[in-house]
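Asks:
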DNA sequence: TAGATTGTTAATCGATTAACAATC
DNA sequence: TAGATTGTTAATCGATTAACAATC
């Protein structure tokens, strides 16, 4: 399957399925129907089945879906079986917080190095990971084959960092700078400030989750 | 206008317009047409006009939009003219990073206090903001009238914190825990791990920004 | 006035939801 | 077999895009 391009809307739901199935498995649930899953996740049963069938038929008619099978399939679709080497550019607040955050390890994302221009930071270690000068970024990626580059630098530096990362052969970019960077490799823009601004809007216009 | 409910898709674009217009103003641009704006933001000109007309006619036929007028209108729609008092629950990596981050101040979001269960943290200051025991959360909100509550705690504590915040009269919740919390006030879920997982998907399936 | 560009209605496109035959 | 639930096609709904009259 997946002859057709999978829509962004479906892709955005995949991590939610993944998280929810992890929880179900942890709770000892062995099988689940599209109906129950939809109810728990506040989705529509048809939508759940449509989503899964973008990638193949993982269920059994009359029975439902085996939680461990479905989880394994989605984990595979999301490509979460391997290890990803992550480099972080910008060892300020966000960069340091990400370097300390253990939550990504369990999905295979390991921070291997940080980069900064600040000479006071260069040479130090953050949570056991070295902080290198940003001039070494390109060489480091080429020599060590980093998979994901995190941009936790100021807005004005973001695009140049993205260019250098892509040029050096990074696999993908996770951008925390408040600007949309463009690259020849996949980019995920985080835009945290957009998120709190949307909250401000919703508060002013009293939009409550149902 | 805004007789009809504004769709989530439009709301999500509002912070992008806001950011882009701030930049245009900083660059000294005085007026802009929907066509140019659409081109710069990689949107469609009709879409830009439709979006703005959810809230009223801010343009002049034959002329376009005055950047400062449009900016002021959108800032107002987003309710970014006032000040928001922000409390952060969880003074770990994320909580501390947010307390240090200066970027939100310019949009009117000021962190006033952090809360944690860890006795080693309670009583300290982070970037000049006090860390209080989480037991004091409810009383603090009631007495000081916090507007936004940030949940930067572990997954298992998130929903209870949300309940307490809402009960104590918080205006809105910004949730960084990897679980969808439900509340009687507006909630923005951040789900950072979903974002990096989507990146993993896109890398595996070679989806590049055009 | 003529030219440009909005505001707004209509057409298209895509995503969600419903329906149901296939089948475990 | 009968009941349940999927996989998949069809219908609906909403968002995006196109078209164009209004008007600055």
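Residue numbers (this note's numbering), protein chains in the order written: chain A, 1 to 210; chain B, 211 to 420.
Built from N, CA and C at the ideal position, the CB exists for glycine as well.
Please specify which runs of the alpha helix (DSSP H), each continuous and at least 4 residues long, are wholly inside the region 36-72 of chain A, giving them in chain order.
Replies: List check, alpha helix (DSSP H) in window: 45-53.
Asks: So, does the CB of residue 97 of chain A fall closer than 9 Å to a CB anywhere in chain B?
Replies: For the purposes of this step, residue 97 of chain A is identified with residue 97 of the first chain, where counting begins at 1. True, the Cβ-Cβ gap to chain B drops below 9 Å.
Asks: CA-CA distance, residue 220 of chain B and residue 263 of chain B?
Replies: The residue you call residue 220 of chain B lines up with position 10 of the second chain. The residue you call residue 263 of chain B lines up with position 53 of the second chain. Each residue's alpha carbon lies about 11 Å from the other.
Asks: What residues from the region 256-267 of chain B come within 8 Å of chain A, judged by C-beta to C-beta, listed N to C?
Replies: Listed by position along the chain: nothing, the set is empty.
Asks: Taking the alpha carbon of residue 134 of chain A as the reference point, which residue from A:128, A:161 and A:143 has its own alpha carbon closest?
Replies: Sequence index remark: in the first chain, residue 134 of chain A carries index 134 (1-based). Nearest of A:128, A:161 and A:143 to residue 134 of chain A, Cα basis: A:161.
Asks: Using a cut-off of 9 Å between C-beta atoms, extract the partners of residue 131 of chain A located in chain B.
Replies: Position 131 of the first chain, counted from the first residue, corresponds to residue 131 of chain A. Within 9 Å Cβ-Cβ: nothing; residue 131 of chain A doesn't reach chain B, min ~16 Å.
Asks: Fully enclosed by the region 211-246 of chain B, which alpha helix (DSSP H) runs are 4 residues long or longer?
Replies: Entirely contained in the region 211-246 of chain B, the alpha helix (DSSP H) runs reaching 4 residues are, in chain order, 218-236.
Asks: So with Cβ pairs under 9 Å, would you call residue 311 of chain B a contact of chain A?
Replies: Taking the second chain and counting its residues from 1, the one referred to as residue 311 of chain B is at position 101. Taking Cβ atoms only, chain A reaches closer than 9 Å to residue 311 of chain B, which makes this a yes.
Asks: Along the chain, where does the alpha helix (DSSP H) containing residue 159 of chain A start, and where does it finish?
Replies: Within the first chain, residue 159 of chain A is the residue found at index 159, counting from 1. Segment 155-168, the alpha helix (DSSP H) holding residue 159 of chain A.
Asks: Which residues of the region 220-244 of chain B have a Cβ closer than 8 Å to any Cβ of chain A? Give them in chain order.
Replies: Answer set for the region 220-244 of chain B: 221, 222, 224, 225, 226, 228 and 229.
Asks: Does the distance from the CB of residue 321 of chain B to the CB of residue 298 of chain B come in under 9 Å?
Replies: Working through the second chain from its first residue, we reach residue 321 of chain B at position 111. Working through the second chain from its first residue, we reach residue 298 of chain B at position 88. Against a cut-off of 9 Å, the Cβ pair of residue 298 of chain B and residue 321 of chain B comes out as a contact.
Asks: Do residue 348 of chain B and residue 374 of chain B have their C-beta atoms closer together than 9 Å?
Replies: Here residue 348 of chain B refers to the residue found at position 138 of the second chain. Here residue 374 of chain B refers to the residue found at position 164 of the second chain. Yes, the Cβ-Cβ distance between residue 348 of chain B and residue 374 of chain B is below 9 Å.
Asks: Please state if the CB of residue 24 of chain A and the CB of residue 32 of chain A are separated by a distance shorter than 9 Å.
Replies: In the first chain, counting from the first residue as 1, residue 32 of chain A sits at position 32. In the first chain, counting from the first residue as 1, residue 24 of chain A sits at position 24. Cβ atoms of residue 32 of chain A and residue 24 of chain A: closer than 9 Å.
Asks: State yes or no: is the C-beta of residue 247 of chain B within less than 9 Å of the C-beta of residue 275 of chain B?
Replies: Here the question's residue 247 of chain B lines up with position 37 in the second chain. Here the question's residue 275 of chain B lines up with position 65 in the second chain. Yes, Cβ-Cβ distance for residue 247 of chain B and residue 275 of chain B is below 9 Å.
Asks: I'd like to confirm the pairing. Which residues does DSSP put opposite residue 398 of chain B in its beta bridges?
Replies: Looking up residue 398 of chain B in the second chain gives position 188. Paired residue(s): B:384.
Asks: Determine the direct distance from the alpha carbon of residue 30 of chain A to that of residue 314 of chain B, and round the result to whole angstroms.
Replies: What you label residue 314 of chain B is simply residue 104 of the second chain in a count that begins at 1. What you label residue 30 of chain A is simply residue 30 of the first chain in a count that begins at 1. The alpha-carbon atoms of residue 314 of chain B and residue 30 of chain A are separated by roughly 44 Å.
Asks: According to DSSP, is residue 128 of chain A helix, strand or coil?
Replies: One-based indexing of the first chain puts residue 128 of chain A at position 128. Coil at residue 128 of chain A, not helix or strand.
Asks: To the nearest angstrom, how far is it from the Cα of residue 408 of chain B to the Cα of residue 284 of chain B?
Replies: Counted from its first residue, the second chain places residue 408 of chain B at position 198. Counted from its first residue, the second chain places residue 284 of chain B at position 74. Each residue's alpha carbon lies about 30 Å from the other.
Asks: Locate the alpha helix (DSSP H) running through residue 305 of chain B, then write down its first and last residues.
Replies: The residue labelled residue 305 of chain B in the question sits at position 95 within the second chain. Start and end: 303-310.
Asks: Could you list which residues in chain A have their beta carbon closer than 9 Å to that of residue 413 of chain B, in chain order?
Replies: On the second chain, position 203 is the one that residue 413 of chain B refers to. The contacting residues are 79, 84, 147, 148, 171, 172, 185 and 186.
Asks: How about the region 107-127 of chain A and the region 321-340 of chain B: do they share at least three Cβ pairs that are nearer than 8 Å?
Replies: No: the two stretches stay apart, fewer than three of their Cβ pairs being nearer than 8 Å.
Asks: Can you tell me where the beta strand (DSSP E) with residue 113 of chain A in it begins and where it stops?
Replies: Within the first chain, residue 113 of chain A is the residue found at index 113, counting from 1. Element bounds for residue 113 of chain A: 109-116.
Asks: Measure the alpha-carbon distance for residue 101 of chain A versus residue 127 of chain A and round it to whole angstroms.
Replies: As a working note, residue 101 of chain A is residue 101 in the first chain. As a working note, residue 127 of chain A is residue 127 in the first chain. Between residue 101 of chain A and residue 127 of chain A, the C-alpha separation is close to 9 Å.
Asks: Quick check on DSSP: helix, strand or coil for residue 85 of chain A?
Replies: Counting from 1 along the first chain, the entry for residue 85 of chain A is found at position 85. The answer is strand: DSSP assigns residue 85 of chain A an E or B state.
Asks: In the DSSP assignment, find the beta strand (DSSP E) that holds residue 149 of chain A and state where it starts and stops.
Replies: As a working mapping, residue 149 of chain A is identified with position 149 in the first chain. First-last of the beta strand (DSSP E) with residue 149 of chain A: 148-151.
Asks: Could you tell me the boundaries of the alpha helix (DSSP H) in which residue 137 of chain A lies?
Replies: Taking the first residue of the first chain as 1, we reach residue 137 of chain A at position 137. It spans 137-144 - the alpha helix (DSSP H) in which residue 137 of chain A sits, taken as one unbroken run.
Asks: Given this structure, state the Cα-to-Cα distance separating residue 405 of chain B from residue 68 of chain A, to the nearest angstrom.
Replies: Translated into positions along the second chain, residue 405 of chain B becomes position 195. Translated into positions along the first chain, residue 68 of chain A becomes position 68. Looking at the two C-alpha atoms, the distance is approximately 23 Å.
Asks: Using 10 angstroms around the beta-carbon of residue 359 of chain B, count the other beta-carbons present and answer buried if the total reaches 16, otherwise exposed.
Replies: Against the second chain, residue 359 of chain B aligns to sequence position 149. Buried, by the Cβ-count rule.
Asks: Closest Cβ-Cβ distance between residue 410 of chain B and chain A: below 9 Å?
Replies: Looking up residue 410 of chain B in the second chain gives position 200. Yes, contact with chain A.
Asks: How is residue 406 of chain B classed by DSSP in three states: helix, strand or coil?
Replies: Reading the second chain from its first residue, position 196 is the one you call residue 406 of chain B. Residue state, collapsed to three classes: helix.
Asks: Do residue 316 of chain B and residue 355 of chain B have their C-beta atoms within less than 9 Å of each other?
Replies: Mapped onto the second chain, residue 316 of chain B falls at position 106. Mapped onto the second chain, residue 355 of chain B falls at position 145. No, they are not a contact pair.
Asks: Against residue 317 of chain B, what residues of chain A qualify as contacts under a CB-to-CB distance less than 9 Å, listed in chain order?
Replies: Working through the second chain from its first residue, we reach residue 317 of chain B at position 107. Those within 9 Å of residue 317 of chain B in chain A are 193, 196, 197 and 200.
Asks: Per DSSP, which one or two residues make a beta bridge with residue 133 of chain A?
Replies: Within the first chain, residue 133 of chain A is the residue found at index 133, counting from 1. Its beta-bridge partners are A:116.
Asks: Leaving out five residues on either side along the sequence, give the residues of the same chain with a beta carbon under 8 Å from the beta carbon of residue 400 of chain B.
Replies: Counted from its first residue, the second chain places residue 400 of chain B at position 190. Excluding sequence neighbours, residue 400 of chain B sits near 384, 385 and 386.
Asks: Verify the CB distance criterion: does residue 115 of chain A have a CB-CB separation below 9 Å to chain B?
Replies: To locate residue 115 of chain A, count along the first chain from 1; it is residue 115. Taking Cβ atoms only, chain B never reaches closer than 9 Å to residue 115 of chain A, which makes this a no.
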